[in-house]
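Chains as they are written, first to last, in the working numbering: chain C, 1 to 318; chain P, 319 to 822; chain D, 823 to 1095. Where a beta carbon is used, it is the ideal one built from N, C-alpha and C, also for glycine. I have placed the structure first, in the form of structure tokens, so that the comments after it can refer back to it.
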Amino acid sequence: MHPVLRAILYRAAQALLVALLVGVLTFLMMQSLPGDMAFRIAAGRYGYDAVNAQAAEAVRLELGLDRPALEAFGAWFLDLMRLDFGTSVISGAPVMDEIRHQLGASLQLALAALALSLLIGPPLGILAGLRAGGWLDRALLVVSTALRSVPQFLMGLILIVLVSIQLGWLPAAGYGRAEHFILPALTLALGLAAVSARIARDAMAAVAASPHYAFGRWKGLSEWQLLRRHGLRNIGVAMVTYLGLQFAMLVEGVVVIESIFGWPGIGHALVHAIFGRDVPMVQGTALLLGLGFVALNAMIDLTARWIDPRNPDSRRQG
Amino acid sequence: MSDLLKATAVSVRAGLSQLVEPVSLTLAAGRPVTILGETGSGKSLLAQAIIGTLPAGLRAGGQVDVEGCSLDLAHPRALRDLWGRVIAVLPQEPWLSLDPLMRARAQVAEGHALVRGLNRAEAGQAADRDLAGLGLAEASASRPDQLSGGMAQRLALAAARAGGARIVVADEPTKGLDIARRDDVIALLMREVVQGGALLTITHDLTLARRMGGELIVMLKGRVIERGPADQVLSQPRHDYTRRLVAADPASWPRRVPRQPVGKPVLRAEGLSVRRGGRRLFRDLGLDLHPGQIIGIEGPSGCGKSTLGDVLLGLCRPEQGKVIRGEGIAARRFQKLYQDPPSAFPRHLPLGRALEDLVRLHGLDRGRIGGLMARLRLDPVLLGRRPDAVSGGELQRLALLRLLLLDPVFLFADEPTSRLDLITQAEVTELLVETARETGMALLIVSHDPDLLAGAADRVIRLGDHEGSPTGADLVRDPAAQTGYRPADKPGFGTRVAAEVSGA
Amino acid sequence: MSVIPTDIPLQASARPWSRLAGAALLALVLGFALLAPLVFPADPLRQSLRHILAAPDAASPLGYDHLGRSLTARLAAALRLSLAIAAAAVASAALLGVAAGVLAAWRGGWVDRAVSLIADAFLALPGLLLVLIVSAIVPVTPMAFWIGLTLVLWIEYFRLTRATVSRLMAAPAIEASRLLGFGPLYVFRRHLWPELAPVLLTLGAFGAATAIMMIAALGFVSVGMRPPTPELGLMMVELLPYYREAPMALLVPVLATFLTLLGLNLVAGGRRT
């Protein structure tokens, strides 16, 4: 089988399994709630005001909730596969609409944070990796270890207390203007940069110690020519692959940071949905995030293969 | 003849200890210089000191005169300006030293552009000329992983010299190559010499040293023990070590009198066909192994030598055919000796513990260890060490000891000496042969060195070439017909044809 | 001899002092969490009007919170809770991950593909999300954290174990042992375990750090432990409004969290591969 085709098939299987996992988890969540399940699903679809015993009965029949759990789950999963999440229990709006709105806000924040972290982390990591064991390498290790020991919510808390409350320079919360971006994006970026600097450092140190790097030197190239021609592309796969894993970190950060800074994004909404046991919202959000991860990693597979076309089977990430 | 580089009193120290005693040498156009020595002889350090690439922590002394300047080796920074422009370094295992992601043409062109200062178009044309000159024109757009080992070696030479260097320093250029490829490398290096370049080769390979000719420098424990014209040093060695080295070369081993098979076979293979990675390695191969018999398997890398042994041991399955073991023989009496001795032991376990585990598992007689240690000339101190603290030769003998405790009837030795130095190789091979004779163990020994097998085996089976034979149909051949080399047609002398092996 | 090396890469892992410092820090945190109740006995839930945001005294060297509760007792209880959940989650995740990893690498074929696919499906869901959903299913919060964190942490154990074991299985040492007659248990004990153990220690420290961060983060955004349970994140969010009056009180859980995580990161060896 062609390796690209096989990679795509694998990602498709992964996506299917992610959907199944989300289905099982949200089904369990639904079952664990007190009260009548059909009533709550009906409420989810039509809003609490419109719901009555008849509507609940219709749902019960349609989904076969009176049937054994396995069959009930089958119907539940079918709805999920049709991306039919229903409406939010809390706001009454269709889940898809809600998510569409929130996703935009979250993406803005995530991309700003990612860009900022890429400006800080990899350049420092590359410099440190070129002279593994040097003073910059050691300093960077201390700083990144310390930074990793500060959870993102704590970093947000520290920045709010210092920059907004003490100094009064920036707003502590809010959305819409440019200055609202700075603190949450910086909070996220510091955590991401601490890790991406380590990844870049390790990849660069490995390349700098490789025989082909030494050979480049013996060919008469200067250090800068060496880095440009034989270094940057060669750490590319490690960096791109890492971006895929950074997605998970970014999502987790977004969930917490949005709640702290009052950012109207998907993470904020998720916390509310969990708090209010809004199963349709949780289901929609979880599926979106899971499939987003799979899609992103499928793209990363292709990018990594484009950077390094050798032996495609040896590389499989996420 | 013009001197291109003159090195005077080159030495290497680590702190207070002298690793290489002062050596002087001159590289002249058209006359190769070869440094011959085993692991730890200091030959690589000497070369590294001359070109300024010593690892951190080591300090060079002496001076180098090149291009009219005198450079102090204690300050190696200045030497860096020579790299690419004056001195080309050909790294060992060049397939690892080329940029894995860059196409062949670009790897050569960058030397012309960035070191010699040609513009892009000129550099590209120069690279095309270099590649064409080495027969690599077709490979211009290939990545290193798409090249064969020999092509990678030629590409590395072109890339190393693109900056204009005429002095080539080659570090173990034949390491990891089989016989056919070794000849290509020798031809490649000789070409440089004929074209008026200077060449310094570092090697442990006696054949390479002999074929290069020129001046030969033999090193032992950081000291030059003998030097002179290569043919003279190798034909009339004066130093005891050089004599032992020459004697250990399989090419000069005495030919062995092959034994006629006796007794019932301990292992019989019938109609074996083996496929690996979609390629058929060999077909319809039959083989009998009798007690005490030594069979050699020969062939280039990738031809399925090791796979054949693994199939006989039941470690991998043949596509067709079957392997029959002698009746009533315990499974543990079929054993294997590995190519890389350290990787055959648990990494974290003292060797004595590993043996003790085995003794306990099978309820063996512990007392035999001492006798075997003496027989294999092993020091009991080694039992307290871990595998990484023991030399390769000792470890290979310990591996043999571990097997002998189980009284093997069949041993598959997979290139058992290819990672060992020449003298150690001769010792270990001798021990294997003696063991087979003494204990009646059948020995299947795989090697890429026909001389070694000719000296050790009763019979040699040659497996065929991978690139030359797309179908793999005629992979089992008569070694004599294959090479035109016929050491003996008389029975009872040297290599004999695998009579019952049916070819195409 | 070897390649002509220009650079000998310094071993990134050879920093015993940092591991020792990390272990010392952890011992300090653990010692405080376990001994504080004996030395300064107080009910972490007991409120007292007299002590609202009071300065440290002999009964509580860390002072009192906005409800007059002993911060010493509350911090010790919060640390015990976080460390216990983290330890339990790491232990069960390690057990699950190592077992699955050895199984996948040893059996290979479809078993390997199936287990890898399941792990990849879990990997696709952000850890925090997984913990959040499980917390909505399982009514007892510490139990929910334990299950959720196990589901998050086992993946890394699985992936590393599988990679390590596959690498070892491909090397001759295990084949040699099998030929000599040794069984799977011996192979695990002598070949696999000595290589896995150091990796597991590093992963365990990182896993515990992840667990402690998540528990605190979810507490901080009010979807984790419920008040009045003493928990690091909850304590921070409760004390935040009073930080002008009592900045030291807010600093107590902040510093404790930082030092615990720093200790774990140092023990892990400062690198994540």
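Close to P664 (chain P), with beta-carbon spacing below 7 Å, are these residues of chain D in chain order: A995, R1012, H1013. The shortest C-alpha to C-alpha distance from V641 (chain P) to any of P:R650, P:D628, P:A648, P:L473 is the one to P:D628. In the displayed model, D390 (chain P) falls within a strand according to three-state DSSP. By the Cβ neighbour-count rule, G220 (chain C) is buried, with 16 or more other Cβ atoms within 10 Å of its own. Q714 (chain P) counts as buried, since no fewer than 16 other beta carbons sit within 10 angstroms of its beta carbon.
Rounded to whole angstroms, the Cβ separation of V328 (chain P) and G370 (chain P) is 11 Å, and the two are not in contact under 8 Å. In chain order, A200, M204 place their CB closer than 6 Å to the CB of I126 (chain C), counting only its own chain and leaving out the 5 sequence neighbours on each side. One alpha carbon belongs to V486 (chain P), the other to L761 (chain P), and they sit about 43 Å apart.
The C-beta separation of R499 (chain P) from G467 (chain P) comes to about 6 Å, placing the pair in contact by the 8 Å criterion. Taking 7 Å as the cut-off between beta carbons, the residues of the segment 389 to 412 of chain P near chain C are W401, G402, R403, V407, P409, in sequence order. P418 (chain P) has a beta carbon lying within less than 8 Å of a beta carbon in chain C. Interface residue (Cβ-Cβ distance to chain D less than 8 Å): Y656 (chain P) is classified as such.
Against chain D, the CB of S164 (chain C) has no partner CB under 8 Å away; the residue lies outside that interface. Within the segment 214 to 285 of chain C, the alpha helix (DSSP H) runs of at least 4 residues that lie entirely inside it are, in chain order, 223 to 226, 236 to 261, 266 to 275. Assigned with DSSP and collapsed to three states, L334 (chain P) falls in coil, not helix or strand. Between S388 (chain P) and R421 (chain P), the gap from beta carbon to beta carbon reaches 8 Å or more.
Looking from the CA of L740 (chain P), the closest CA among P:H666, P:A707, P:L563 belongs to P:L563. With contacts defined by Cβ atoms closer than 8 Å, L669 (chain P) and L701 (chain P) form a contacting pair. With fewer than 16 neighbouring CB atoms inside 10 Å of its own CB, G685 (chain P) falls in the exposed class. DSSP places E756 (chain P) in the helix class (H, G or I) of the three-state scheme. Spanning the alpha carbons of L518 (chain P) and L363 (chain P) requires a straight line of approximately 13 Å.
Annotation: T519 (chain P) is outside any alpha helix (DSSP H); the continuous beta strand (DSSP E) that includes it extends over 516 to 521. By DSSP's assignment, I535 (chain P) forms a beta bridge with P:I353, P:R545. The shortest C-alpha to C-alpha distance from R1011 (chain D) to any of P:I535, P:D675, P:A565, P:T326 is the one to P:D675. The Cβ atoms of L154 (chain C) and V974 (chain D) do not sit closer than 8 Å to each other. The C-beta distance from L391 (chain P) to A378 (chain P) rounds to 4 Å, short enough to meet the 8 Å contact threshold. Within the model, the alpha-carbon separation for L842 (chain D) versus Y213 (chain C) is close to 35 Å. When rounded, the separation of the alpha-carbon atoms in G494 (chain P) and L376 (chain P) is 27 Å. Proximity to Y656 (chain P) across P:D567, P:R720, P:Q611 peaks at P:R720, based on C-alpha coordinates. Per DSSP, the beta bridge partners of K324 (chain P) are P:T344, P:D383. Rounded to the nearest whole angstrom, the CA to CA distance from V912 (chain D) to L918 (chain D) is 10 Å. Taking every protein chain shown into account, the CB of Q653 (chain P) has 16 or more other CB atoms within 10 angstroms, so this residue is buried.
With fewer than 16 other Cβ atoms from the protein chains shown falling within 10 Å of its own Cβ, Q443 (chain P) counts as exposed. Per DSSP, the continuous alpha helix (DSSP H) segment holding D446 (chain P) begins and ends at 438 to 451.
Contact note: E252 (chain C) reaches chain D through P948, G949, L950, using a C-beta cutoff of 7 Å and chain order. Taking 8 Å as the threshold, the shortest C-beta distance from M1057 (chain D) to chain C does not fall below it.
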